[in-house]
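A.B. asks: Sequence lines, in order, name chains Z and X. For the first sequence, position 13 matches number 13 in the numbering used here, and the numbering has no gaps at all. Every position in the second sequence, counted from 1, becomes a number in the numbering used here once 1000 is added. Have a look at this one.
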Amino acid sequence: MKWEVRISYKKGVQDSEGESTLSGLKTLGFNNVDNVSAAKVYLIEGNLTHGDVEEMCRRLLANPVSQDYSISEVK
Amino acid sequence: MAYKVCIIRAPGTNCDRETAMCVESQGLEAEVVHVKRLMEGEIRFSDYDGLIIPGGFSFGDHVRAGALLGKILKERFGDELAQFSSDGKPILGICNGFQVLVECGLLPGNTAQSALTTNLSSRFECRWVDLSVETSRCIFTDGLSGSIRLPVAHGEGRFLVTAGELKELTNTGQVVFKYAQKNGGSAGGSYPENPNGSIDDIAGICNKEGNVFGLMPHPERAFYRFLHPRWTKSDESESFGDGYKIFNNMAEYIMR
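What follows is the structure, given as C-alpha cells:
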C-alpha cells in the first residue's frame, strides 16, 4: 500500500518558505500571486493501514503545535 | 581611483564580511551590496570592476539552494550581468554563490545545463577536503597546481551534468577543481574524498572565457595559514593559506 502524507503549517504560523517564494515570484513579475504556502509531501509504502500512517504523523512527521497533516491513499 | 568589487548579499547570506576582508587585503575596494539596492536601481553592476556572490543561505535556501537569488539576478539583471561578463570582468561565486551562478545561467556559460543538488550522503558536509587543481582557463587559479586543501560546508553541492556535457566542459578547460585524495590522486567518486557525489568529482568550474568561476569550497575560510586546523605544522615563512591565491589572482587580473 502507498500513502501520501502532506504536512503543512497551521493557520497563523509563519511560513517563511512560502513568504520568500511569494516575494521571489513577485520580483519575477508574477503580480497576480496573492499567497504561497509551502508544504511537504511524503510517499510512504508498505503494509500499512491508515491508522499506522496517522500514528506516524502524530509521533514524528508533524509537529502538533505548528503543523497540520493530511493522509491519502495513492492508488 | 580604486578598483571596486561588488559583493552581493541577500537575506541569509553569511560570508559577505570575511569575503570583503579578503578582497580589501588585496588593495581593492569591497562594497557589500544588498540585492534590494540593486532592485531599487540605487546602484548598477557597471559601477564595479569585479563581482562576488558569497556563501550563505540566500533567501533561506528556499525552493532550491540559490534558486531565488539566481532567478532574480537572471530575470532582473540578465543583460547587465551578461555585459559584465563579456567585458571580461571577473565574477566569483563561492558555495551558495556557485549555486546562484548555476541557477542564473552564468555557469557553465554554454549550452550545458548543470545543477547543484542534494549531497549523496544526505548530510550537510562541513569539513576540509583535498582538491586537485585541473588545467583550466580559469583566471582565478593562475599559478596554482598540484593539490590544495579548502573547507566545504554545504548540503547541496552535488554537481550534475549529462555525460556529453561533462565531456564538453572537460574539453574546453572549464573544470577547475576536483575533489581528490590526500596525495592529489583521483577520488574516483568515492566518499568521503568526494563529499557530495559530484559527477567526475567536480568541485569548481569556470565559463569558457575563464572569468566566471564558481566553487563549492570556501577559499575565504583558508585565506590565512592559521585558519587551517593543522597550521602549526605548516611552513612558518608562509602567512597565507590555500585560498589566498584566488583573491590575489582576482586583484591582479582587475589591476592588470
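Beta carbons are placed, not taken as given, at the ideal position from N, Cα and C, and that holds for glycine.
From this set, X:GLU1040, X:GLU1125 and X:ASP1142, which residue's C-alpha is nearest VAL1152 (chain X)'s C-alpha?
C.D. replies: Checked all of X:GLU1040, X:GLU1125 and X:ASP1142; the closest Cα to VAL1152 (chain X) is X:GLU1125.
A.B. asks: What are the start and end residues of each continuous alpha helix (DSSP H) run of 4 or more residues lying completely inside the region 1138–1210 of chain X, in chain order?
C.D. replies: Counting whole runs of 4 or more residues, the region 1138–1210 of chain X contains the alpha helix (DSSP H) stretches 1163–1171.
A.B. asks: Just list the beta strand (DSSP E) runs in the region 1074–1118 of chain X, keeping only unbroken ones of 3 residues or longer that don't cross its boundaries, in chain order.
C.D. replies: Within the region 1074–1118 of chain X, the complete beta strand (DSSP E) runs of at least 3 residues are 1091–1094 and 1115–1117.
A.B. asks: Any beta carbon from chain Z within less than 7 Å of GLU1075 (chain X)'s own beta carbon?
C.D. replies: True, the Cβ-Cβ gap to chain Z drops below 7 Å.
A.B. asks: Using only the alpha-carbon positions, how far apart do TYR1253 (chain X) and GLY1210 (chain X) sit?
C.D. replies: Each residue's Cα considered, the two are about 11 Å apart.
A.B. asks: For GLY1055 (chain X) versus CYS1022 (chain X), is the C-beta distance shorter than 7 Å?
C.D. replies: Not a contact, by the Cβ cut-off of 7 Å.
A.B. asks: Would you say VAL1100 (chain X) and GLY1078 (chain X) are within 7 Å of each other, going by their C-beta atoms?
C.D. replies: Their beta carbons are not under 7 Å apart, which means VAL1100 (chain X) does not touch GLY1078 (chain X) by this criterion.
A.B. asks: Determine the direct distance from the alpha carbon of ASN1119 (chain X) to that of GLU1103 (chain X), and round the result to whole angstroms.
C.D. replies: Answer to the nearest angstrom: the Cα atoms are 17 Å apart.
A.B. asks: Going by alpha carbons, who is nearest to ALA1115 (chain X) out of X:SER1136, X:GLU1165 and X:PRO1090?
C.D. replies: Closest by alpha carbon: X:GLU1165.
A.B. asks: Does the beta-carbon of PRO1151 (chain X), which I'm using as the reference point, lie nearer than 6 Å to any heavy atom of the ligand ZN?
C.D. replies: The ligand content of the structure shown is nil, which means the ligand ZN is not present either.
A.B. asks: May I ask you to report which of helix, strand or coil DSSP gives TYR1253 (chain X)?
C.D. replies: Helix at TYR1253 (chain X).
A.B. asks: In terms of residue numbering, what span does the beta strand (DSSP E) encompassing ALA1030 (chain X) cover?
C.D. replies: Residues 1029–1034.
A.B. asks: So that I know if they touch, is there some Cβ in chain Z lying closer than 7 Å to that of ILE1094 (chain X)?
C.D. replies: False, the Cβ-Cβ gap to chain Z never drops below 7 Å.
A.B. asks: Roughly how many whole angstroms lie between the Cα atoms of VAL1176 (chain X) and ALA1002 (chain X)?
C.D. replies: Roughly 29 Å separates the two Cα atoms.
A.B. asks: Can the beta-carbon of PHE1045 (chain X) be found closer than 7 Å to that of PHE1084 (chain X)?
C.D. replies: Going by C-beta atoms, PHE1045 (chain X) is nearer than 7 Å to PHE1084 (chain X).
A.B. asks: Among Z:GLU73, Z:GLU19 and Z:SER23, which has the Cα closest to the Cα of GLU54 (chain Z)?
C.D. replies: That would be Z:GLU73, whose Cα lies nearest to the Cα of GLU54 (chain Z).
A.B. asks: Buried or exposed for HIS1228 (chain X), please, with buried defined as at least 16 other CB atoms from any protein chain shown within 10 angstroms of its CB.
C.D. replies: Flag for HIS1228 (chain X) reads buried.
A.B. asks: Take ASN63 (chain Z) as the anchor and find which of Z:LYS2, Z:VAL36 and Z:ARG6 has the nearest alpha-carbon.
C.D. replies: Out of Z:LYS2, Z:VAL36 and Z:ARG6, Z:ARG6 has the C-alpha closest to the C-alpha of ASN63 (chain Z).
A.B. asks: Skipping 5 residues on each side, what residues in its chain have a beta carbon closer than 7 Å to that of ALA1020 (chain X)?
C.D. replies: Result list for ALA1020 (chain X): ILE1007, ALA1030 and VAL1032, in chain order.
A.B. asks: List the residues of chain X whose Cβ lies closer than 9 Å to the Cβ of SER16 (chain Z), in chain order.
C.D. replies: Neighbours of SER16 (chain Z) on chain X, chain order: GLY1060 and HIS1062.
A.B. asks: Skipping 5 residues on each side, what residues in its chain have a beta carbon closer than 7 Å to that of ALA1203 (chain X)?
C.D. replies: For ALA1203 (chain X), where only same-chain residues beyond five positions count, the Cβ hits under 7 Å are LEU1131, PHE1177, LYS1178, TYR1179, LEU1215, MET1216 and PRO1217.
A.B. asks: Using a Cβ cut-off of 8 Å, pull out every chain Z residue sitting near ILE1072 (chain X), in sequence order please.
C.D. replies: Neighbours of ILE1072 (chain X) on chain Z, chain order: GLY24, THR27 and LEU28.
A.B. asks: Restricting to Cα atoms, I'd like to know which of Z:GLN67, Z:TRP3, Z:MET1 and Z:ASP52 is closest to ALA39 (chain Z).
C.D. replies: The shortest Cα separation from ALA39 (chain Z) among Z:GLN67, Z:TRP3, Z:MET1 and Z:ASP52 belongs to Z:GLN67.
A.B. asks: Output, in chain order, the set of chain X residues within a Cβ distance shorter than 7 Å of SER37 (chain Z).
C.D. replies: Neighbours of SER37 (chain Z) on chain X: none; closest Cβ ~12 Å, over 7 Å.
A.B. asks: How about LEU1068 (chain X): is its C-beta nearer than 7 Å to some C-beta of chain Z?
C.D. replies: Closer than 7 Å: yes.
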